[in-house]
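Protein sequences, first through last, are from chains A and B. Just so we're aligned: 194 in the working numbering is position 194 of the first sequence, and the numbers increase by one with no gaps anywhere. Just so we're aligned: 1034 in the working numbering is position 34 of the second sequence, and the numbers increase by one with no gaps anywhere. Even glycine gets a Cβ: it sits at the ideal position worked out from N, Cα and C.
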Amino acid sequence: MNKTVNQKAWFFVAPVLILVAFNAIVPLMTVVNYSVQETFGDNVFFWAGLRWFEEILRSPRFHDALGRQLFFTGTILAIEIPLGVIIALAMPRKGPWVSVCLVLMAMPLLIPWNVVGAMWNIFGLPEIGLLGKTLNTIGFDYNYTRQPGDAWFTLILMDVWHWTSLVVLLAYAGLVSIPDAYYQAARIDGASSWAIFRYIQLPKMKRVLTIAVLLRFMDSFNIYTEPSVLTGGGPGNSTTLLSLDLVKIALGQFDLGPAAAMSLIYFLVILLFSWIFYTVMTRGEEQ
Amino acid sequence: MDDVVMFSAKWWTLPLGKTWMAWTPATASFFLFIVLAITVMGVWEYYRPGGDPRRGVFAIDTTRGDRLFISLLGSAFIFIAWLFFVGSPLWWPMGIVACWFVFVFRYV
Chain A
1 MNKTVNQKAW
11 FFVAPVLILV
21 AFNAIVPLMT
31 VVNYSVQETF
41 GDNVFFWAGL
51 RWFEEILRSP
61 RFHDALGRQL
71 FFTGTILAIE
81 IPLGVIIALA
91 MPRKGPWVSV
101 CLVLMAMPLL
111 IPWNVVGAMW
121 NIFGLPEIGL
131 LGKTLNTIGF
141 DYNYTRQPGD
151 AWFTLILMDV
161 WHWTSLVVLL
171 AYAGLVSIPD
181 AYYQAARIDG
191 ASSWAIFRYI
201 QLPKMKRVLT
211 IAVLLRFMDS
221 FNIYTEPSVL
231 TGGGPGNSTT
241 LLSLDLVKIA
251 LGQFDLGPAA
261 AMSLIYFLVI
271 LLFSWIFYTV
281 MTRGEEQ
Chain B
1001 MDDVVMFSAK
1011 WWTLPLGKTW
1021 MAWTPATASF
1031 FLFIVLAITV
1041 MGVWEYYRPG
1051 GDPRRGVFAI
1061 DTTRGDRLFI
1071 SLLGSAFIFI
1081 AWLFFVGSPL
1091 WWPMGIVACW
1101 FVFVFRYV
């Protein structure tokens, strides 16, 4: 059969291309332009070469923020992915409880990000917050506004509460798509629960879990609103993640050149990790 | 003692008009290179089809487009590493990047 060639299809793609060009490519080009220049406002720019890249790459402030970011992303991925899979496995596949579970799971995802930050900000307050007050009452010296460890605990707990549902829903979608015949065959073979999980459920969830890992990695690496509202990067700089630091440089200090250079390094790190995750997780699928 | 030159003013670094996008000939040529690379890939594929996935030294399946992506991403990190460990200018890493491109397109 001959392949249909229809160049008119390009016209249908054109609106999307134009939209992407304006909301992604043009801003990215501008950031590249800013990253090698200095400005004091009024659209007047002076060439600075690679100065900002050298400055950012060698700045302890950037190293610390990157370290905190990697720690945050690594921790939430290590918690949310297995937890999401466990919850998805525990959810019913048939009956009236399916809808109840799905609605409950979708709830945290429907709440605006700044509201999540504000909720946890109040929830964790040691004097009036349910979490803070309870922890202090049972003997823990908990105060996320003063102690960096507590701030990290609250930040990670908030992210796990907010985003594990996404992993659950994706993993659940993967699980319900497995035909019953697989389970029947496993039962005939006398497979254990672990064997069913390892050789049937996990391989069938691989695609959706790849998406879950990539989405959670990119989102958590870009996270800004929730930590900004919850801790504002504090106490001190202890929870200042890359995006918070970037906003401080770009909007607080109005250092557009260094901020642009930092954005590009930030972007390249995300691109590299996403590519590695994607390549590793989809390797051998084509065979 | 020579005065410290804060900002250079070579022709290829001067602004191309007073616009918010702050174009300069240097940054424009960077994007031109990427557009040109993608165009050359298209022309190459049109005249000499052969962009199907193959498995190279990294044991991953790559098409020609993938290899361009890996080359560009790797180049960015070669430049970043050089800036971190040595600093500007970037003439030496430019040579390394050229070798990297050849390596990726030939063996990956």
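Histidine 162 (chain A) counts as buried, since at least 16 other C-beta atoms from the protein chains shown sit within 10 angstroms of its C-beta. Nearest neighbour of leucine 169 (chain A) by Cα position, chosen from A:Ile200, A:Ala212, A:Asn143, A:Tyr182, turns out to be A:Ala212. Only those residues of the region 254-275 of chain A whose C-beta falls short of 8 Å from the nearest C-beta of chain B are listed: Ile265, Leu268, Leu271, Leu272, Trp275. Legend: CB atoms of the region 51-64 of chain A lying less than 7 Å from CB atoms of chain B belong to residues Phe53, Glu54, Leu57, Arg58. In this chain, the alpha helix (DSSP H) harbouring glutamine 69 (chain A) covers 60-90. The three-state secondary structure of aspartate 255 (chain A), taken from DSSP, is coil.
Residue-level contact by beta carbon holds for valine 32 (chain A) and chain B, with a gap shorter than 8 Å.
By the criterion of a C-beta distance shorter than 6 Å, aspartate 1061 (chain B) is surrounded in its chain by Pro1053, Arg1055, once the five residues flanking it on both sides are discounted. With its beta carbon at least 8 Å from every one in chain A, proline 1049 (chain B) lies outside the interface.
DSSP places tryptophan 52 (chain A) within a helical segment (H, G or I) once states are collapsed to three. Here tyrosine 1046 (chain B) is exposed. Its C-beta has fewer than 16 other C-beta atoms within 10 Å. Per DSSP, glutamate 38 (chain A) is one residue of the beta strand (DSSP E) stretching across 37-39. DSSP places tryptophan 1023 (chain B) in the coil class of the three-state scheme, outside both helix and strand.
Between tryptophan 47 (chain A) and threonine 1019 (chain B), the gap from beta carbon to beta carbon reaches 8 Å or more. Looking at the DSSP output, phenylalanine 45 (chain A) shares a beta bridge with A:Thr39. In this structure phenylalanine 217 (chain A) touches phenylalanine 277 (chain A) by the C-beta definition: roughly 6 Å separates them, less than 8 Å.
Those residues of the region 1-29 of chain A placed with their C-beta closer than 7 Å to a C-beta in chain B are Met29, ordered along the chain.
Straight-line spacing of the CA atoms in proline 1025 (chain B) and glycine 1017 (chain B) works out to 11 Å. In the structure shown, the three-state DSSP call for aspartate 1061 (chain B) is strand. Around the C-beta of aspartate 189 (chain A), fewer than 16 other C-beta atoms lie within 10 Å, and the residue is accordingly described as exposed. Residue range 113-123 is occupied by the alpha helix (DSSP H) that includes tryptophan 113 (chain A). With fewer than 16 other beta carbons inside 10 angstroms of its own, valine 20 (chain A) counts as exposed. Arginine 216 (chain A) carries a helical assignment under DSSP once its states are collapsed to helix, strand and coil. C-alpha of phenylalanine 1030 (chain B) to C-alpha of valine 16 (chain A): approximately 25 Å in a straight line. Pairing alanine 1037 (chain B) with leucine 1073 (chain B) gives a Cβ-Cβ distance that is not under 8 Å. Straight through space, the alpha carbons of threonine 39 (chain A) and glycine 232 (chain A) are spaced by roughly 27 Å. For the pair leucine 214 (chain A) and alanine 88 (chain A), the Cα-to-Cα distance works out to about 18 Å. Arginine 68 (chain A) and phenylalanine 123 (chain A) have their C-alpha atoms spaced approximately 24 Å apart. The beta carbon of serine 1088 (chain B) sits closer than 8 Å to some beta carbon of chain A.
Nearest Cα to leucine 57 (chain A) within the set A:Ile196, A:Tyr144, A:Ala259: A:Ala259.
DSSP places arginine 1048 (chain B) in the coil class of the three-state scheme, outside both helix and strand. When DSSP reads this structure, arginine 1055 (chain B) sits in a beta bridge with B:Asp1061. Between the C-alpha atoms of phenylalanine 53 (chain A) and arginine 1064 (chain B) there is a straight-line separation of about 30 Å.
Sequence-ordered contacts of the region 1022-1044 of chain B with chain A read Ala1022, Trp1023, Thr1024, Ala1026, Thr1027, Ala1028, Phe1030, Phe1031 [C-beta pairs closer than 9 Å].
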